[in-house]
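Colleague:
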Amino acid sequence: MATAEFRVSARKALADPELRANFRRAMDGLMSRRADLFARAGDWAGLRALGAAARLRALARLPELLERLEAKLVERGVRVHWAETVEQGNAIVGDILRRRGARLVVKGKSMVSEEMHLNHFLEGEGIEVLEADLGEYIIQLDHETPSHIIMPAIHKNRRQIAKLFFERIKGARYSEEVDELTALARAVLREKFERADAGISGVNFAVAETGTLVLVENEGNGRLCTTVPPVHIALMGIEKVIERLDQVPALLALLTRSATGQPITGYVNMITGPRRAGEKDGPDEMHLVILDNGRTRVYADAELRDVLRCIRCGACMNHCPVYTRVGGHAYPGTYPGPIGKILMPQMLGLEKVGDLPHASALCEACTEICPVAIPIGDILVRLRREGTRADSRAVQGAGARRSAFESLVWSAWAAIYATPVLYRPMVWTLTRLGGLLPRGLPGLRDWMRVRARPRFARRSLHELARRAGLPDA
Amino acid sequence: MPERPAAVYYFGTCLADLFFPEAGMAGIRLLRAQGVEVIYPRGQSCCGQPAYSAGRTEEARRVATAQLGLFPRDLPIVVPSGSCAGMMRAHYHALFAGTQDAAAADRVAARVIELTQFLVDVIGLKPRDLGPPITVAWHGSCHAMRLMGVGDQPKLLLRELANVTLVEVARERECCGFGGVFSVRQPEISSAMATDKADAVVATGAEALISGDCGCLLNIGGVLAKRGERVRPMHIAEFLWERTRGDG
Amino acid sequence: MPDARSAILTRLRAGAPATVTPPDEDFAPVAGIGMGGEERLARLRRAMEAVHTEFLDARGADWVPAIHAWMVAQSLPSLILAPRTEPGRRIAERWPGLGAGPRLIPYDRPLAEWKAALFAENGAGLTATLGGIAATGSLILIPSADEPRTLSLVPPVHIALLEVARIYDTMWQAMREQEWSRAMPTNLLLISGPSKTADIEQTLAYGVHGPKRLLVVLV
Ligand code: SF4
């Protein structure tokens, strides 16, 4: 897992014009499609309030709802497993597959499985895992991780994909036609669906009221993974549960519109248990693995808990000026973009990725766009604060980014700016002598790489206002 | 439209104080030309945002506390910056929650209004253009739009000016990459954003780039100046004053 | 792993908010919009056609020959159907009298017994629907013992019968009127077009894993 300073990986990404063009084009497309749809079909504010309410209600009663979900699922014949860590989660999946003697597994899109590095684990167990979502399949062929939570292969253009297919798929002929590339993947995967011993999927919403797992997708790979193989294993984080089925329509509308600008995905697959007696298809065995992996700690803090509202739509990435420029692989851990900046420091610890919350201009484009109204900007600031606090245990690694020098600078700054008899002379001095500041000052040097040196005014606003005779009170 | 007050407080901001005092003065002149008395508390320095967004809450509160007592009368606090206004309006509540200044902070926050919001929503200003023809581009700051809810007020003002042609910058709502300490902590990304924004501004062919926030002007203007572009960065207050000279 | 379960729930309980005031929910944005019948059909059609769904209007006519004629015109070799459902019976009864055309294949055994054959089949699968949703352009399907899930999934073409009178304004309205939450079936599907992907350069391609074509027959 990359935990190098974000600045280093970002610098590398910024220097890659092809990568930048791929992201810029894709994000522009996603943004405009979303905007068009909400403009046409739009009670955005009402829908957003409804979606946020559903998520808030779920979080307010999370433990109780998880228990209800479990009871309902068990009633319907689903085996429910709990995992505190990714190791536990992997072991559970491994055990199920071993017991069934599974050799080949097909997998639908699941970010939780990325958190678990499940493929890697299963391959170590001698089990072949095939990503069935086209984007996931592409990056699996290239031994990469997703660069976007909805569009995992968005960092590649069609030429790069054409080359990859040509080199890695036996018997493939070279083509840059999207239809041909798609047909090629279909042919490879169809045979795998037919032979697979088990299917693995994620979960978009888990309904406590009915014990229903809601999965959305466009390709049909998710339906195949959850229908054709004899075993289905679904994976979800503890936060995925919602109270009632009638909350699904709003959340679904927000998810698909925000993610890809679609009024709905091609398939909404609602699964409530394995095949029943007499049914001709569907898995005869079904499991749900509920993963914590740091989420209970997030939950314990009233402010940070809002991160768990997330429905993984990816809109915050699409609208993020930083993500758009550096792409998903510049971010450490599983989730990139704004959601990653507020989630990964809590999962991995501030001592490892404490610079992530700082990699934002706090432009609030993400907060504005988030369909469940997560105050992303406020949480970024909170995590910056945690990074400098030694007295907090809210986040792992709190205080890890405290630097004595920075603390000194900020204390001096506060002392001056809070004290008019210090502040005004400082301003007076800077307006007269600010031009003499050495250009080698760390901040100034970086600033001046693409910008002219900022010039202090000759007279401050304070002086001009006084001269103009403005009253003081 | 709310009732027009006889007087307002003016919070000039630390960036205007040091880098754009003429913009700050232009805002004051625009208000006075409308018959609004402007009070400029001499104790003012900074809203506290730089420390706040760096996660230095105590330092931010210390500086913000020093501002709270400067606005005793129940008058609007006009700020020629969406970002500083946004800091006061959107974050003072949380910053002071649970402290003895909580109530005072809420009282201040509730009265904060961004300059163009005040000019349009409260005064109903219809500036009369006295200047020669010019093409300008507008850049709205992120915090003006997303924290203060500034909508089309600045553009309404610019469109009132008969000889001014307003052109749109591509991806006009995208951040210019300033972000205060962000430009120091992530200089490469900040530079990339600033450069892209400057490219988009130049591509419009505008002669001036108008904005309501000194941070954005410092940032985009810095790139334009370094490259020797002809586009002139200008605060909207200064531009309006130059075009109308009080004859609004 | 019972330990993990209690550890997770204990931590959640310790961190749970003391006073719970869950926000109210105003369902107006997802409730019915009060559309007329024709408007519902028009909206559904527009939305589904935008994603390459095909329509065959067999209202007021006999839909069996209509499907037969369409399949002949498309040179589709076979039609897989659910023999114990009402539409399945009707087709089986009428098909032989319609002359040369696609071969009928009854889905009459568990998938495991003919998986390879089903995957190899290059024709269409026919299902009924429980109605449609106008706002999003979706079909409601509840696969069952008689009408398996793979019928609408594995064959390259999916033919779905839609009773125009059973189109709802919204999903919310459909689930309330059909009382889904009272007894959820093992699988409930909304299908809003043929299989598609935009994973390569955001360019839409159809038929990636599921059906390449979706024909909605209005009855
Ligand atoms: S944080 Fe909000 S915008 Fe980002 S993925 Fe989650 S729900 Fe979507």
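Chains as they are written, first to last, in my numbering: chain A, 1210 to 1682; chain B, 2 to 249; chain C, 213 to 431.
Heads up, the beta-carbon is just placed ideally off N, CA and C, and yes, glycines get one too.
Within 10 angstroms of its Cβ, does proline 1647 (chain A) collect 16 or more other Cβ (buried), or is it exposed?
Modeller: Burial call: exposed.
Colleague: With a threshold of 8 Å on Cβ separation, who are the neighbours of leucine 1350 (chain A) within its own chain once the five nearest residues in sequence on each side are excluded?
Modeller: Result list for leucine 1350 (chain A): Leu1373, Phe1374, Arg1377 and Ile1378, in chain order.
Colleague: Any heavy atom of the ligand SF4 within a distance shorter than 7 Å of the CB on arginine 1521 (chain A)?
Modeller: Yes, Cβ of arginine 1521 (chain A) sits closer than 7 Å to a heavy atom of the ligand SF4.
Colleague: For the alpha helix (DSSP H) holding histidine 1329 (chain A), just list the boundary residues, first then last.
Modeller: Its alpha helix (DSSP H) spans residues 1327 to 1333.
Colleague: With DSSP as the reference, identify every bridge partner of lysine 408 (chain C), one or two as the case may be.
Modeller: Bridge partners of lysine 408 (chain C): C:Tyr418.
Colleague: Thinking just about the alpha-carbon of each residue, which of A:Lys1318, A:Val1562, A:Leu1278 and A:Thr1533 is nearest to the one in aspartate 197 (chain B)?
Modeller: If we check each option's Cα against that of aspartate 197 (chain B), A:Thr1533 comes out closest.
Colleague: Using a C-beta cutoff of 8 Å, does valine 1630 (chain A) count as contacting chain C?
Modeller: No, because no Cβ of chain C sits closer than 8 Å to the Cβ of valine 1630 (chain A).
Colleague: At least one CB of chain A closer than 8 Å to the CB of arginine 5 (chain B): is that the case?
Modeller: So, not an interface residue.
Colleague: Could you tell me which of A:Leu1433, A:Glu1340 and A:Leu1275 sits nearest to leucine 1500 (chain A), measuring between CA atoms?
Modeller: Out of A:Leu1433, A:Glu1340 and A:Leu1275, A:Leu1275 has the C-alpha closest to the C-alpha of leucine 1500 (chain A).
Colleague: Quick one: which chain A residues come within Cβ less than 9 Å of threonine 66 (chain B)?
Modeller: Simply Ala1627.
Colleague: Tell me, please, whether the stretch 1475 to 1491 of chain A touches the stretch 1546 to 1558 of chain A by the rule of three or more beta-carbon pairs shorter than 8 Å.
Modeller: Output reads no: the stretch 1546 to 1558 of chain A does not touch the stretch 1475 to 1491 of chain A.
Colleague: Taking all protein chains shown into account, do 16 or more other C-beta atoms lie within 10 angstroms of the C-beta of methionine 1210 (chain A), making it buried, or fewer, making it exposed?
Modeller: With a pLDDT of 38 at methionine 1210 (chain A), under the threshold of 50, the modelled position of that residue is not reliable, and the figure given next carries that caveat. Its Cβ having fewer than 16 others within 10 Å, methionine 1210 (chain A) is exposed.
Colleague: Is asparagine 334 (chain C) close to chain A, meaning its C-beta is less than 8 Å from at least one C-beta of that chain?
Modeller: No, asparagine 334 (chain C) does not count as interfacial toward chain A.
Colleague: Cutting at 7 Å between CB atoms, please list the residues of its own chain near valine 1338 (chain A), excluding the five before and the five after it.
Modeller: Only Val1314, Lys1316, Asn1328, Leu1331 and Glu1332 meet the Cβ criterion.
Colleague: Within 10 angstroms of the Cβ of proline 397 (chain C), are there 16 or more other Cβ atoms? Answer buried if so, exposed if not.
Modeller: Looking at its Cβ environment, which holds 16 or more other Cβ atoms inside 10 Å, proline 397 (chain C) is buried.
Colleague: Assuming cysteine 1522 (chain A) and proline 1580 (chain A) make a contact with CB atoms under 8 Å, what is their CB distance in whole Å?
Modeller: About 6 Å; that satisfies the 8 Å criterion.
Colleague: How far does the beta strand (DSSP E) with proline 307 (chain C) in it extend, from its first residue to its last?
Modeller: Looking at the sequence provided, one finds tryptophan at residue 307 (chain C) rather than proline. Note, tryptophan 307 (chain C): premise wrong, no beta strand (DSSP E); not H, not E.
Colleague: Under 7 Å Cβ-Cβ, which residues of chain F neighbour proline 229 (chain C)?
Modeller: The displayed structure is made up of protein chains A, B and C, and chain F is not among them.
Colleague: Does the ligand SF4 have a heavy atom nearer than 7 Å to the CB of proline 1355 (chain A)?
Modeller: For the ligand SF4, not one heavy atom lies less than 7 Å from the Cβ of proline 1355 (chain A).
Colleague: Under 8 Å Cβ to Cβ from glutamate 1284 (chain A), same chain only, skipping five residues before and after it: list those, please.
Modeller: These residues qualify, in order along the chain: Gly1420.
Colleague: Look at the alpha carbon of threonine 1212 (chain A) and the alpha carbon of leucine 1565 (chain A), and state the distance between them as a whole number of angstroms.
Modeller: With a pLDDT of only 47 at threonine 1212 (chain A), under the threshold of 50, the placement of this residue in the model should not be trusted; the figure read from the coordinates follows. Straight-line Cα distance between these residues: approximately 10 Å.
Colleague: Can you check whether the CB of leucine 365 (chain C) is closer than 8 Å to the CB of tyrosine 319 (chain C)?
Modeller: No.
Colleague: Going straight from the alpha carbon of arginine 1257 (chain A) to that of arginine 1660 (chain A), what length do you get?
Modeller: Approximately 40 Å, taken between the alpha carbons.
Colleague: Threonine 136 (chain B) lies in the beta strand (DSSP E); which residues open and close that run?
Modeller: Counting along the chain, the beta strand (DSSP E) containing threonine 136 (chain B) begins and ends at 135 to 140.
Colleague: Check whether the Cβ atoms of asparagine 334 (chain C) and proline 289 (chain C) sit closer than 8 Å, and answer yes or no.
Modeller: Yes, the pair counts as a contact, with Cβ atoms nearer than the cut-off.
Colleague: Can you list the residues of chain C that isoleucine 1358 (chain A) reaches, using a CB-CB cut of under 9 Å?
Modeller: The premise fails here: isoleucine 1358 (chain A) is roughly 13 Å from chain C at the closest Cβ pair, so nothing lies under 9 Å.
Colleague: Tell me whether valine 1630 (chain A) is buried or exposed, calling it buried when 16 or more other Cβ atoms sit within 10 Å of its Cβ.
Modeller: Its Cβ having fewer than 16 others within 10 Å, valine 1630 (chain A) is exposed.
Colleague: Would you say alanine 106 (chain B) faces chain A, with C-beta separation under 8 Å as the test?
Modeller: Closer than 8 Å: no.
Colleague: Going by C-alpha to C-alpha distance, which of A:Phe1402, A:Arg1382 and A:Asp1455 sits closest to alanine 1415 (chain A)?
Modeller: Among A:Phe1402, A:Arg1382 and A:Asp1455, the Cα nearest to that of alanine 1415 (chain A) belongs to A:Asp1455.
Colleague: Run through DSSP, which three-state label would lysine 1550 (chain A) get?
Modeller: Correct three-state label for lysine 1550 (chain A): helix.
Colleague: Does proline 1651 (chain A) come out as helix, strand or coil in the three-state DSSP assignment?
Modeller: Correct three-state label for proline 1651 (chain A): helix.
Colleague: Does the beta carbon of leucine 1571 (chain A) come closer than 8 Å to any beta carbon on chain B?
Modeller: So, interface residue.
Colleague: For the beta strand (DSSP E) that glycine 1411 (chain A) lies in, which residues bound it at each end?
Modeller: Element bounds for glycine 1411 (chain A): n/a, residue is neither H nor E.
Colleague: Can you confirm whether alanine 329 (chain C), when its beta carbon is compared against all beta carbons of chain A, has any partner nearer than 8 Å?
Modeller: By this cut-off, alanine 329 (chain C) is not an interface position.
Colleague: Do the stretch 154 to 167 of chain B and the stretch 1589 to 1598 of chain A touch if we need at least three Cβ pairs shorter than 8 Å?
Modeller: They do not touch, by the three-pair rule.
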